[in-house]
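Residue numbers (my numbering): 650 to 1101.
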């Protein structure tokens, strides 16, 4: 699928290699034949028509704690005397959850796969109905999702209730459940029941190492009320916390980067050069908190500057360690959780090949003048035969870079290149390295191309 789908109480997962399967464990199952299914005689049991294939859910737990991975196994049987190819389709609470096609010899039974879905960490007990269906048969099972343990509010940021203006981005955090640095913590995020991303990205790992917290950034484009849920797994134990975000006129607004020194754009400095950087920032709600300075491609935090009040200046001294063509991206975070970021500078080491960047690609305030052209003259073009060129294909949403490092979700599509915490092989919409997305209803997040 190109778009992630939120199932009630469960996020799309994957088809993974089958594990040993037995009988159903305490689940409620009901085997049935679809009302419109053909019998083997009607279909003729021809190869490829799926006639005569039966399906049974043979291994599924009775309960699962919200936030944990729910896995189940099916068994397919060819009841005909012909070789057949059949497709089994999955749904969870009526929503599509994948399909697999297999070929079976006469009389053969096979458990070709196990299927898994990451469940949402719920506050109260819920139930899920799993369904596996072939062209001629179907089976169902019911699983109870149990509440996860609530996280100590002292470990969460910002406050659990906040009201923001439309098109405002909010930065959410969950701190370390166990202070032992050797204990692995994984955090996943849902917005209005829709799985939107997890902590298995380089930027999440760097932020956790430096700030002792996992984060998520969500832009709320449209008025309404939204629930953001974080699910944390530590030593197979499940924890949860949630925020309610009301989006309406008169709410909190994003902070602003007003000016930068040196001027924003390409900085012609060596990668071992020392730099003194400054940005002037303002918060219309008067609650500035900090600026986190990122170096893209290297995926490292250069430093964190404390800021306060309605306006302040954040400074950073860098003593080398830069990288050619890397961008320096400050994150401005307020005490209310509102957020902004910008790719302010791009490093150009003059002793190396000139970067393939253009000042027009630098995202900054519209009223700031663009920096001077670095003055690199292109090589003369050789004579080319007069051949009509085909137009280049329009880049897809997932190919469009955003200089802010923030993908935008617009109700029709989905954060990128990371391992998928539930192994979903067919979900192309994966979290970006900085974990930012934009919400305007039931939308998804584009990939960010600025950290490659």
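Glycine is no exception: its CB is placed at the ideal position from the N, C-alpha and C atoms.
* To do: Could you tell me which of 744, 815, 947 and 987 sits nearest to residue 996, measuring between CA atoms?
  => For the residues 744, 815, 947 and 987, the minimum Cα distance to residue 996 belongs to 947.
* Would you check if the distance between the CB atom of residue 741 and the CB atom of residue 795 is smaller than 7 Å? => Result no, Cβ atoms of residue 741 and residue 795 do not sit closer than 7 Å.
* Per the contact definition of three or more C-beta pairs closer than 8 Å, is the stretch 881 to 892 in contact with the stretch 959 to 969? -> Not touching, per the Cβ criterion.
* To do: Give me the Cα-Cα distance between residue 714 and residue 980, rounded to the nearest whole angstrom.
  => For residue 714 and residue 980, the distance between alpha carbons rounds to 35 Å.
* Asked: Any idea what DSSP makes of residue 963, helix, strand or coil?
  -> Under the three-state reduction of DSSP, residue 963 is assigned to strand.
* Nearest neighbour of residue 895, chosen from 872, 908 and 842 [CA to CA] -> It is 872 whose Cα lies nearest to the Cα of residue 895.
* Asked: Do you know whose CA, among 711, 935, 933 and 940, lies nearest residue 926's CA?
  -> The residue with the shortest Cα to Cα distance from residue 926 is 940.
* Only counting runs of 3 or more residues, tell me where the beta strand (DSSP E) segments fall wholly within the stretch 745 to 833, in order along the chain. => Given a length threshold of 3 residues, each whole run of the beta strand (DSSP E) inside the stretch 745 to 833 is given here in chain order: 763 to 768, 775 to 782, 787 to 795, 810 to 813 and 817 to 824.
* What distance in whole Å lies between the Cβ atoms of residue 755 and residue 731, which are believed to be in contact at a cut-off of 8 Å? -> By a beta-carbon distance limit of 8 Å, residue 731 contacts residue 755. Their separation comes to about 6 Å.
* Asked: For residue 989, which residues from the same chain have a beta carbon less than 6 Å from its beta carbon, with the 5 sequence-adjacent residues on both sides left out?
  -> In the same chain as residue 989, and ignoring 5 residues on each side of it, the C-beta atoms closer than 6 Å to its own belong to 903, 904 and 981, in chain order.
* Go ahead and label residue 834 buried or exposed: buried means 16 or more other beta carbons lie within 10 angstroms of its beta carbon, across all protein chains shown. => Burial is judged here by how many other beta carbons sit within 10 angstroms of a residue's own beta carbon; residue 834 has at least 16 and is buried.
* To do: Whole angstroms is fine: what's the gap from residue 1077's alpha carbon to residue 846's?
  => Only weak support exists for where residue 1077 lies, its pLDDT of 35 falling under 50; the value from the coordinates is given anyway. For residue 1077 and residue 846, the gap between their C-alpha atoms comes out near 12 Å.
* **Neighbourhood of residue 975 by C-beta, 8 Å cutoff - its chain only, sequence neighbours within 5 removed** => So the list reads 944, 945, 946, 947, 995 and 996, once near-sequence residues are dropped.
* Beta-carbon proximity of residue 724 to residue 782, cut-off 7 Å -> No, the pair does not count as a contact, with Cβ atoms beyond the cut-off.
* Indicate whether at least one CB of chain B lies closer than 7 Å to the CB of residue 859. => In summary, chain B is missing from the structure at hand, where a single protein chain is found.
* With a CB to CB cut of under 7 Å and the five nearest residues on each side skipped, what residues in its chain are close to residue 1001? -> The answer, listed in chain order, is 973.
* Is residue 984 helix, strand or coil when you go by DSSP? -> The answer is coil: DSSP assigns residue 984 none of H, G, I, E or B.
* **Rounded Cβ spacing between residue 826 and residue 864 (contact assumed at less than 8 Å)** => Going by Cβ atoms, the distance from residue 826 to residue 864 rounds to 15 Å, so no, they are not a contact pair.
* To do: Run through the stretch 840 to 872 for me and flag every whole beta strand (DSSP E) of 3 or more residues, listed as ranges in chain order.
  => List check, beta strand (DSSP E) in window: 843 to 847 and 862 to 869.
* Asked: Do you know how far the Cα of residue 728 is from the Cα of residue 821?
  -> Straight through space, the alpha carbons of residue 728 and residue 821 are spaced by roughly 54 Å.
* Spatial neighbours of residue 683 in its chain, beta-carbon cut-off 7 Å, leaving aside the 5 residues before and after -> Unreliable positioning characterises residue 683 in this predicted model, as indicated by a pLDDT of 42, which lies under 50. The coordinate reading is nonetheless provided below. These residues qualify, in order along the chain: 782 and 787.
* Asked: residue 1073 to residue 919, Cα distance in whole Å?
  -> Because residue 1073 carries a pLDDT of 38, less than 50, the predicted location of this residue cannot be relied on, and the following value inherits that uncertainty. Taking the straight line joining both Cα atoms gives about 42 Å.
* Asked: Using a Cβ-Cβ cut-off of 7 Å (strictly less than) and excluding sequence neighbours within five positions of residue 901, which residues of its own chain qualify?
  -> Closer than 7 Å at Cβ, skipping near neighbours: 811, 812, 813, 814, 817, 934, 985 and 987.
* To do: Under 8 Å by Cβ, that's how I've got residue 707 and residue 760 pegged, so tell me the actual separation to the nearest angstrom.
  => A Cβ-Cβ separation of about 7 Å places residue 707 in contact with residue 760 under the 8 Å criterion.
* For residue 823 versus residue 805, is the C-beta spacing smaller than 7 Å? -> Contact annotation: residue 823 and residue 805 have beta-carbon atoms nearer than 7 Å.
* Asked: Which value, in whole angstroms, describes the spacing of the CA atoms of residue 632 and residue 909?
  -> Since the first residue shown for the chain is 650 and the last is 1101, residue 632 is missing from the structure and cannot be characterised.
* If you follow the beta strand (DSSP E) that residue 887 is part of, which residue opens it and which one closes it? -> Counting along the chain, the beta strand (DSSP E) containing residue 887 begins and ends at 886 to 896.
* **Three-state secondary structure (DSSP) of residue 1001** => The answer is coil: DSSP assigns residue 1001 none of H, G, I, E or B.
* Give the range of the beta strand (DSSP E) segment to which residue 608 is assigned. => Missing from the structure shown is residue 608; the chain here goes from 650 to 1101 and no further.
* Asked: How many Å lie between residue 711 and residue 718 at the Cα?
  -> A direct Cα-to-Cα measurement between residue 711 and residue 718 gives close to 13 Å.
* To do: Give the single residue among 962, 808, 991 and 751 whose Cα lies nearest to the Cα of residue 929.
  => Out of 962, 808, 991 and 751, the CA that lies nearest to the CA of residue 929 is found in 962.
* What is the C-beta distance between residue 876 and residue 893, in whole angstroms, given that I count them as a contact (C-beta under 8 Å)? -> Contact holds; Cβ gap of about 6 Å.
* Asked: Is residue 931 closer than 7 Å to residue 907 when the C-beta atoms are compared?
  -> Result yes, Cβ atoms of residue 907 and residue 931 sit closer than 7 Å.
* To do: Determine the direct distance from the alpha carbon of residue 942 to that of residue 953, and round the result to whole angstroms.
  => Near 6 Å, if we compare the C-alpha coordinates of residue 942 and residue 953.
* Report, in whole angstroms, the separation of the C-beta atoms of residue 958 and residue 924, which I expect to be a contact under 8 Å. => Not quite, the Cβ-Cβ distance comes to about 26 Å (not below 8 Å), so this is no contact.
* **7 Å CB neighbourhood of residue 1044 in its chain, flanking five on each side removed** => Note that residue 1044 scores a pLDDT of 43, beneath 50, so its modelled location is shaky; the value from the coordinates is reported in the next line. Take residue 1044, set aside five residues on each side of it, and no residue of its chain has a beta-carbon closer than 7 Å to its own.
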